[in-house]
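Peer 1: Before anything else, here's the structure in question.
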Amino acid sequence: MKQENNSRREFLLTGLAAAGLAVGCSSKKNAFEAGAEEGVIASGKKVKLLSVDGEVIEVDEAFLKPVPTQVAVSNIEARKGIAGKKFVMVIDLSRCKNLRKCQDACDHMHSLSPDQNWIKVDSMDDAEHTAPYWQPTTCMHCDEPPCVKVCPVDATFKRQDGIVLIDSDRCIGCRFCMAACPYSTRVFNWGAPQIAPEIAAQPYSCESSVPQKKGTVGKCDFCPDMARKGELPHCVSACPNGTFFFGDLNEDTVSNGAETFRFSELIKDKAGYRLMEDLGTKPSVYYLPPVNRNFPYESGIDNDTKEKK
Amino acid sequence: MENSNSIANEKIIQDLLPQKFGKSGKIWTGILVAFCLVGLFAYYRQLRYGLIVTSMRDYVSWGIYISNFVFFVAISLVGSLITAVFRLADVHWSTPLTRIAEIIAVAAIIFASLIIIVDMGSPERFYNLFIHGRLQSPIIWDVIVITTYFFISILLLYFPLLPDIQILLRFKEKSGKRLHKFYGFIGSFWKGTPEQFKLSEKAINILCITIIPVAFSIHTVTSWLFATTYRPGWDSTNFGAYFISGAFLVGAGGVVVAMYIFRKSYHLEKYITADHFEKMGRIVVLLALLYLYFNVNEYLVPAFKMKKSEEAHLNGLFTGEFAPLFWFAISVGMLIPIVILLFKKGRRPLPVFIAGIMVVVGAWFKRYLIVTPTLLHPFLPMTNVPDNYRHYFPSWEEWAIALGSLAGAMLVITILSRIFPIIPIQETITEQHENAE
Chain A
408 MKQENNSRRE FLLTGLAAAG LAVGCSSKKN AFEAGAEEGV IASGKKVKLL
458 SVDGEVIEVD EAFLKPVPTQ VAVSNIEARK GIAGKKFVMV IDLSRCKNLR
508 KCQDACDHMH SLSPDQNWIK VDSMDDAEHT APYWQPTTCM HCDEPPCVKV
558 CPVDATFKRQ DGIVLIDSDR CIGCRFCMAA CPYSTRVFNW GAPQIAPEIA
608 AQPYSCESSV PQKKGTVGKC DFCPDMARKG ELPHCVSACP NGTFFFGDLN
658 EDTVSNGAET FRFSELIKDK AGYRLMEDLG TKPSVYYLPP VNRNFPYESG
708 IDNDTKEKK
Chain B
333 MENSNSIANE KIIQDLLPQK FGKSGKIWTG ILVAFCLVGL FAYYRQLRYG
383 LIVTSMRDYV SWGIYISNFV FFVAISLVGS LITAVFRLAD VHWSTPLTRI
433 AEIIAVAAII FASLIIIVDM GSPERFYNLF IHGRLQSPII WDVIVITTYF
483 FISILLLYFP LLPDIQILLR FKEKSGKRLH KFYGFIGSFW KGTPEQFKLS
533 EKAINILCIT IIPVAFSIHT VTSWLFATTY RPGWDSTNFG AYFISGAFLV
583 GAGGVVVAMY IFRKSYHLEK YITADHFEKM GRIVVLLALL YLYFNVNEYL
633 VPAFKMKKSE EAHLNGLFTG EFAPLFWFAI SVGMLIPIVI LLFKKGRRPL
683 PVFIAGIMVV VGAWFKRYLI VTPTLLHPFL PMTNVPDNYR HYFPSWEEWA
733 IALGSLAGAM LVITILSRIF PIIPIQETIT EQHENAE
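Protein sequence lines, in the order shown, are assigned to chains A and B.
Residue 583 in the working numbering is what sits at position 176 of the first sequence, and the numbering runs on without skipping anything.
Residue 494 in the working numbering is what sits at position 162 of the second sequence, and the numbering runs on without skipping anything.
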């Protein structure tokens, strides 16, 4: 718990320092002066930062101030989605060894409460004589989303870029979507989210899904805020084994950051499939079967016993 | 002749006027109020801390609140059965039971609406249902039909009450000042002219016809909250009919219980006779057999196939974790009442009353078994969650709120029976006349 708070603070500091510096540079003043004006007393602890000009500069820690994350797009824009895109994910089961770095990154970047996970890594054992394997599950961002069908208030919606999002400012917490989702991907904020006050105070956006709110549903959002910046979702970049691929169906490419594939060929060559195809939900997440594995199944077992918290 | 008639009428009126609570009535009301207050306190805690005070978690996201909701919707259907179906079928013996049935219907539908708000994670956003409502969601259908059913039920209670209120207004000293004022407020316009009777008769007929499809809708739509999902145990085309048959059964069970209690506490043996119990007993046994038939369909057909997704769920009910409760609900809610009521001796007031209690208790647990076990058997394994997410046993707050809502419904029934004659006075008089002629 304590550990987590620290890492969160570190992340905040770096992010904020950069933001603070950008402001400082543009007004031709250094960050030190900017802070001094407001009468902040130097703590003596210096932090090294890289300026936009490429210089390494030292700034007193006391002058680093949280800058709230700006809401990038309006609610109306966020409900429309990114024009011309159709996001897909491919998860290569032969590469997963249940490290759960994806989960850690996701939990951290979305400031989830300690007992929540949007990504889960299931230990799958389909039948008596079949081989077990690790299966990370995200929201499937279905093209026929059962959750969206049943939502009484349009709090969860499907965008033109294929992403299914939740508007936590509108959700009434009836949990019908949770009952409707066959992939059990949705989680609920049963109590007040256990998050740092500065994160809770951030302006909410359904693209960042931060901060989560009491009495509303949450789930994997395919990180549309990252997509707007042209970056990969946090789980994709966090996986050291390159299990997750993310991309655009219209461009027919998916990438895990290190490798890029033509989506259609990857699915064809490796016999990609989707979960519970028979339900007709048409997920946007494809799986590559666990053949020619990089790791034996057993290598993930140790990690499975250490539960989060 | 005229004279003896009016003496008989006065006797009926004196028998049926609402009576002040006796000692046991006061104790009963006190207990109900106490339950409601504990429930309110638990709800205050839930509002303050969130649904975290319940035992529901991500997998079991619907618990006893929702099963309680289904129970209330089910029991409220009886209003349409006893009042509308019997009236349209020109069945007269049920006249003394109509008001009991309507009062139960109104009380149950009120608490069905309340308990669904209790289940919401963000009840302060309730208005979103109206400003952002989407017609494709079964919840919106439920909101529409429950509201409609609520108003029709209120009117169906109110219109037949008007002639009785005219009678009540004659007894100012007996009813007390405030109650007299209230009667005047809701019913002083009723003069009992032939035109008014004709109009009222017509209105009641229209209501009786409209309430039947609406009643079918409320419970069918409630079943669709489950049947429109993919989950094992819910994914059934049989669900609407299954729910409606169960609803009629629990409603009829509720009426026989209420009949017995009112008969005892208000000494109505002359009006609610052993014959009424005999006839209601027959109805309950018929409905129980019907519900049993749907249960056989609902469980045996999937059990024959044992699809992978259904297997864990069905095994859990038949022999696993939920088996004791499942067999309790089946035997107490259906089998034993059927056995009792099939025999003529079993259709005397006391055995019918006991069978009615069994039906109602069995039905409550049956609703729980419809809602919760399914949620414990998702398609993908339950992983990466704290251990308490894998089980469900309601917290004290949930019990307090559920019991509080049941007590609240009984309190509404009690209060309505204190204010209004529990047996329609005017209709009883009219029928006596018709019988005499």
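Built from N, CA and C at the ideal position, the CB exists for glycine as well.
Since this is a predicted model, take the numbers as computed values, not measurements.
1) Closer than 9 Å, CB to CB, is residue 695/A near chain B or not?
2) Closer than 9 Å, CB to CB, is residue 609/A near chain B or not?
3) Scan the segment 485-531 of chain A and note each continuous beta strand (DSSP E) run of 3 residues or more that stays entirely inside, going in chain order.
4) Can you find a CB in chain B that lies within less than 9 Å of the CB of residue 460/A?
5) Can you say whether residue 638/B is buried or exposed, counting buried as having 16 or more other CB atoms within 10 angstroms of its CB?
6) Please list the segments of the beta strand (DSSP E) lying wholly inside the segment 647-676 of chain A, counting only runs of 3 or more residues, in order along the chain.
7) Counting Cβ pairs, one atom from each stretch, are 3 or more of them under 8 Å apart for the segment 550-565 of chain B and the segment 466-481 of chain B?
8) What does a CB cutoff of less than 8 Å around residue 587/A pick up in its chain, not counting 5 residues either side in sequence?
9) Given a limit of 8 Å on CB to CB distance, which residues of the segment 569-595 of chain A reach chain B?
10) Taking 9 Å as the threshold (beta carbon to beta carbon), is residue 554/B in contact with chain A?
11) Pick out whichever of 710/B, 687/B and 647/B has its Cα sitting closest to the Cα of residue 664/B.
12) At the level of alpha carbons, what is the spacing between residue 618/B and residue 666/B?
13) Look at residue 602/A and residue 589/A and say whether their C-beta atoms are less than 9 Å apart.
14) With DSSP run on the structure shown, which of helix, strand or coil describes residue 764/B?
15) Give the residues from the segment 516-534 of chain B that approach chain A closer than 7 Å (Cβ to any Cβ), ordered along the chain.
16) Just mark residue 574/B as buried or exposed, buried being the case when its beta carbon has 16 or more other beta carbons within 10 Å.
17) Assuming residue 384/B and residue 598/A form a contact by the criterion Cβ under 8 Å, report the distance between their Cβ atoms to the nearest whole angstrom.
18) By the criterion of Cβ-Cβ separation under 7 Å, what are the contact partners of residue 560/B in chain A?
19) Return the chain-ordered ranges of every alpha helix (DSSP H) run that is complete within the segment 647-706 of chain B and spans a minimum of 4 residues.
20) Count the other CB atoms, across all protein chains shown, that sit within 10 Å of the CB of residue 648/B; report buried if there are 16 or more and exposed otherwise.
21) How do the segment 541-553 of chain A and the segment 457-464 of chain A stand: do at least 3 beta-carbon pairs fall below 8 Å, yes or no?
22) Pull up the distance between the alpha-carbon of residue 724/B and that of residue 509/B, whole angstroms please.
23) By Cβ distance below 8 Å, which residues in the same chain neighbour residue 436/A in space, the five residues on each side in sequence not counted?
24) Could you tell me whether the Cβ atoms of residue 405/B and residue 478/B are closer together than 9 Å?
25) With residue 772/A and residue 707/A assumed to form a contact (beta carbons below 8 Å), what rounded beta-carbon distance in angstroms separates them?
26) Please state whether DSSP places residue 466/A in a helix, a strand or coil.
27) Whose Cβ in chain A lies nearer than 8 Å to the Cβ of residue 713/B?
28) Identify the continuous alpha helix (DSSP H) that holds residue 553/A and give its terminal residues.
29) In terms of residues, what are the limits of the alpha helix (DSSP H) holding residue 718/B?
30) What would DSSP say about residue 459/A, mapped onto helix, strand or coil?
31) Using the beta-carbon of each residue, which ones in chain B are nearer than 8 Å to residue 525/A?
32) Where does residue 443/A sit, in a helix, a strand or coil, going by DSSP?
33) With DSSP run on the structure shown, which of helix, strand or coil describes residue 529/B?
34) Around the C-beta of residue 565/A, are 16 or more other C-beta atoms found within 10 angstroms, so that it is buried, or is it exposed?
35) Measuring only the C-alpha atoms, how far is residue 704/A from residue 593/A?
36) So the candidates are 356/B, 580/B, 387/B and 368/B; which of them puts its Cα closest to the Cα of residue 408/B?
Peer 2: Taking the coordinates as given:
1) Translated into the one-based positions of the first sequence, residue 695/A becomes position 288. By this cut-off, residue 695/A is not an interface position.
2) The residue you call residue 609/A lines up with position 202 of the first sequence. No, no contact with chain B.
3) 494-499 and 527-531
4) Along the first sequence, one-based indexing puts residue 460/A at 53. Not closer than 9 Å to any Cβ of chain B, the Cβ of residue 460/A fails to qualify, so no.
5) Position 306 of the second sequence holds residue 638/B. So residue 638/B ends up on the exposed side.
6) 651-655, 660-662 and 667-669
7) yes
8) Within the first sequence, numbered from 1, the residue matching residue 587/A stands at position 180. Same-chain partners within the cutoff: 553, 554, 556 and 557.
9) 577, 578, 579, 580, 581, 582, 583, 585, 586, 587, 589, 590, 591, 593, 594 and 595
10) Within the second sequence, numbered from 1, the residue matching residue 554/B stands at position 222. No, no contact with chain A.
11) In the second sequence, residue 664/B corresponds to position 332, counting from 1. Nearest C-alpha to residue 664/B: 687/B.
12) Here residue 618/B corresponds to residue number 286 of the second sequence, with the count starting at 1. Here residue 666/B corresponds to residue number 334 of the second sequence, with the count starting at 1. Looking at the two C-alpha atoms, the distance is approximately 11 Å.
13) By 1-based counting over the first sequence, the position of residue 602/A is 195. By 1-based counting over the first sequence, the position of residue 589/A is 182. Going by C-beta atoms, residue 602/A is not nearer than 9 Å to residue 589/A.
14) Residue 764/B sits at position 432 when you count from the first residue of the second sequence. Three-state result, residue 764/B: helix.
15) none
16) Mapped onto the second sequence, residue 574/B falls at position 242. Residue 574/B should be labelled buried.
17) Working through the second sequence from its first residue, we reach residue 384/B at position 52. Working through the first sequence from its first residue, we reach residue 598/A at position 191. Contact holds; Cβ gap of about 3 Å.
18) Along the second sequence, one-based indexing puts residue 560/B at 228. Those within 7 Å of residue 560/B in chain A are 557.
19) 655-662 and 668-674
20) To locate residue 648/B, count along the second sequence from 1; it is residue 316. Buried is the call here.
21) no
22) On the second sequence, residue 724/B is found 392 positions in, with the first residue counted as 1. On the second sequence, residue 509/B is found 177 positions in, with the first residue counted as 1. Using only the alpha carbons, I get a separation of about 51 Å.
23) Residue numbering aside, residue 436/A sits at position 29 when the first sequence is read from its first letter. Bear in mind that the predicted position of residue 436/A carries a pLDDT of just 43, short of 50, making it unreliable; the figure below should be weighed with that in mind. For residue 436/A, where only same-chain residues beyond five positions count, there are no Cβ hits under 8 Å.
24) Mapped onto the second sequence, residue 405/B falls at position 73. Mapped onto the second sequence, residue 478/B falls at position 146. For residue 405/B and residue 478/B, yes; Cβs fall inside 9 Å.
25) One cannot answer for residue 772/A here, as it falls past the ends of chain A, which runs 408 to 716.
26) On the first sequence, position 59 is the one that residue 466/A refers to. Correct three-state label for residue 466/A: strand.
27) Looking up residue 713/B in the second sequence gives position 381. Residues of chain A passing the Cβ test: 529, 530 and 531.
28) Position 146 of the first sequence, counting from 1, holds the residue named residue 553/A. 553-557 is the extent of the alpha helix (DSSP H) around residue 553/A.
29) Along the second sequence, read from residue 1 onward, the residue named residue 718/B stands at position 386. Element bounds for residue 718/B: n/a, residue is neither H nor E.
30) Walking along the first sequence from the start, residue 459/A turns up at place 52. Coil, per DSSP.
31) Start at 1 with the first residue of the first sequence, and residue 525/A comes out as number 118. Those within 8 Å of residue 525/A in chain B number zero; the least Cβ separation is about 10 Å.
32) Taking the first sequence and counting its residues from 1, one reaches residue 443/A at position 36. Residue placement at residue 443/A is flagged as unreliable, the pLDDT there being 49, under the threshold of 50; a coordinate-derived value is accordingly withheld.
33) The residue labelled residue 529/B in the question sits at position 197 within the second sequence. Reduced to three states, the DSSP call for residue 529/B is helix.
34) On the first sequence, residue 565/A is found 158 positions in, with the first residue counted as 1. It is buried - the Cβ of residue 565/A has at least 16 other Cβ atoms within 10 Å.
35) Start at 1 with the first residue of the first sequence, and residue 704/A comes out as number 297. Start at 1 with the first residue of the first sequence, and residue 593/A comes out as number 186. Looking at the two C-alpha atoms, the distance is approximately 27 Å.
36) For this step, residue 408/B is matched to residue 76 along the second sequence. The residue with the shortest Cα to Cα distance from residue 408/B is 580/B.
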